[in-house]
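Scroll down for the structure; my scribbles are underneath it.
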Amino acid sequence: MRVLVGGGTGFVGTALTQLLKARGHKVTLISRKPGPDRITWDELATTGLPRCDAAVNLAGENILNPLRRWNEAFQKEVLSSRLETTQMLARAIAKAPQPPQAWVLVTGVAYYQPSLTAEYDEDSPGGDFDFFSNLVTKWEAAARLPGDSTRQVVVRSGVVLGRGGGAIGHMLLPFRLGLGGPIGSGHQFFPWIHIKDLTGILVHALEASHVQGVLNGVAPASTTTNAEFARALGAALGRPAFIPLPSPVVRAVFGQERAVMLLEGQKVVPRRTLAAGYQYSFPELGAALKEVVA
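Per my numbering: the sequence shown = residues 3 to 296.
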């Protein structure tokens with residue numbers, strides 16, 4: 003297939019591109035900078051969708067960048083980097099004389115309200131209680147196409163674990179130094195997924211013509227708490243992991259709204275992802291972390 007990937011130069015996009023090419027697909031990236039096998043967002047807006055069999059959007063400013071203050075300007079960037087790119091692609095798909103067969107958007111499990119007791123699957127309600135859940139609602143709405151000539155899939159991703167980037171990138175140094183530990187109380191759920199499985203789910207959604215609607219992009223080991231994650235990461239590195247990161251410090255660094263993403267969590271199960279026939283490479287946390295830190 004010819005696959006068009008928005009935001010394809012990031013951590014997940016790079017891994018997805020490698021997997022697509024390994025499976026014999028041809029990839030064109032949409033990015034801010036021109037180059038071989040690329041088109042720019044401006045070109046997409048002016049000349050429309052290039053011929054393709056499928057499109058994926060991964061574009062979005064990194065919400066948990068600790069170097070960015072959580073102020074109005076950054077909130078606007080977080081919103082526009084997701085909504086505008088998604089709207090632009092959806093519009094181009096809707097107008098294309100030969101629309102692609104599949105259109106896949108990656109959003110987040112922030113759609114579901116944090117809880118220490120609730121369990122969420124793809125049909126659970128959510129999307130209307132804070133900045134991030136509202137963002138996911140608007141983001142998924144921006145992707146909706148009229149009619150049914152193109153299969154539409156939304157993958158709500160958990161925290162992505164992989165080598166050389168993503169969430170682990172910021173965590174490894176303190177853990178390697180033996181200074182790692184749970185965040186806040188540690189009781190909150192920690193919905194995670196190995197990057198090999200997130201890209202695997204995306205490729206499955208592109209290739210399998212029966213897959214549509216919402217899939218949860220999380221590992222089946224959905225009962226992992228933050229404290230268990232910290233212990234498993236310490237174990238994978240052969241280091242102790244019992245120095246907690248206090249909630250006030252997290253709020254001071256990330257700001258109140260963003261801190262919620264780290265201090266509170268959701269128990270999310272990939273019911274439809276499993277029912278759609280996807281087979282996980284890393285269903286268990288221990289093996290996933292060993293591969294990441296190896």
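C-beta: ideal position from N, C-alpha, C; glycine also.
Quiz item: Is the beta carbon of residue 221 less than 8 angstroms from the beta carbon of residue 282?
Solution: As a first step, residue 221 is located in the sequence shown; it is residue number 219 there, counting from the start. As a first step, residue 282 is located in the sequence shown; it is residue number 280 there, counting from the start. Their beta carbons are under 8 angstroms apart, which means residue 221 touches residue 282 by this criterion.
Practice problem: Work out the CA separation of residue 235 and residue 288 for me, nearest whole Å. | Solution: In the sequence shown, counting from the first residue as 1, residue 288 sits at position 286. In the sequence shown, counting from the first residue as 1, residue 235 sits at position 233. Straight-line Cα distance between these residues: approximately 8 angstroms.
Exercise. Could you check what DSSP says for residue 105 in three-state terms: helix, strand or coil?
Key: As a position in the sequence shown, residue 105 is number 103, starting the count at 1. In the structure shown, residue 105 sits in a strand (DSSP, three-state: E or B).
Quiz item: Since residue 121 sits in a beta bridge, which residues does DSSP pair it with?
Solution: On the sequence shown, residue 121 is found 119 positions in, with the first residue counted as 1. BP columns for residue 121 point to 269.
Self-check item: For residue 243 and residue 179, the rounded distance between their alpha carbons
Solution: As a position in the sequence shown, residue 179 is number 177, starting the count at 1. As a position in the sequence shown, residue 243 is number 241, starting the count at 1. The straight-line gap from Cα to Cα measures roughly 10 angstroms.
Self-check item: Under 8 angstroms between C-beta atoms of residue 298 and residue 94
Solution: Only positions 3 to 296 of the chain appear in the structure, and residue 298 is not among them; the question remains open.
Self-check item: Cut-off 6 angstroms between Cβ atoms - residues of its own chain near residue 62, not counting five sequence neighbours on either side
Solution: Within the sequence shown, the letter at position 60 stands for residue 62. Around residue 62: 83 and 84.
Quiz item: What is the rounded straight-line gap between the Cα of residue 205 and the Cα of residue 22?
Solution: Locating residue 205 in the sequence shown gives position 203, where the first residue counts as 1. Locating residue 22 in the sequence shown gives position 20, where the first residue counts as 1. Their backbone Cα atoms lie some 7 angstroms apart in a straight line.
Quiz item: Based on the DSSP output, what are the partners of residue 28 in its beta bridges?
Solution: Here the question's residue 28 lines up with position 26 in the sequence shown. DSSP lists 4 as partners of residue 28.
Self-check item: Residue range of the unbroken alpha helix (DSSP H) whose run includes residue 89
Solution: Here residue 89 refers to the residue found at position 87 of the sequence shown. It spans 74-97 - the alpha helix (DSSP H) in which residue 89 sits, taken as one unbroken run.
Quiz item: From this set, 14, 262 and 73, which residue's C-alpha is nearest residue 188's C-alpha?
Solution: The count along the sequence shown starts at 1 and reaches residue 188 at position 186. Here the closest residue by C-alpha is 262.
Quiz prompt | residue 136, enclosing alpha helix (DSSP H) - first and last residue | solution = Within the sequence shown, residue 136 is the residue found at index 134, counting from 1. Residues 133-145.
Quiz prompt | Endpoints, alpha helix (DSSP H) assigned at residue 233 | solution = Counting from 1 along the sequence shown, the entry for residue 233 is found at position 231. That run of the alpha helix (DSSP H) goes 228-239.
Practice problem: Give a yes or no on whether the C-beta atoms belonging to residue 267 and residue 192 are separated by under 8 angstroms. | Solution: Counted from its first residue, the sequence shown places residue 267 at position 265. Counted from its first residue, the sequence shown places residue 192 at position 190. Cβ distance < 8 angstroms, so residue 267 and residue 192 count as in contact.
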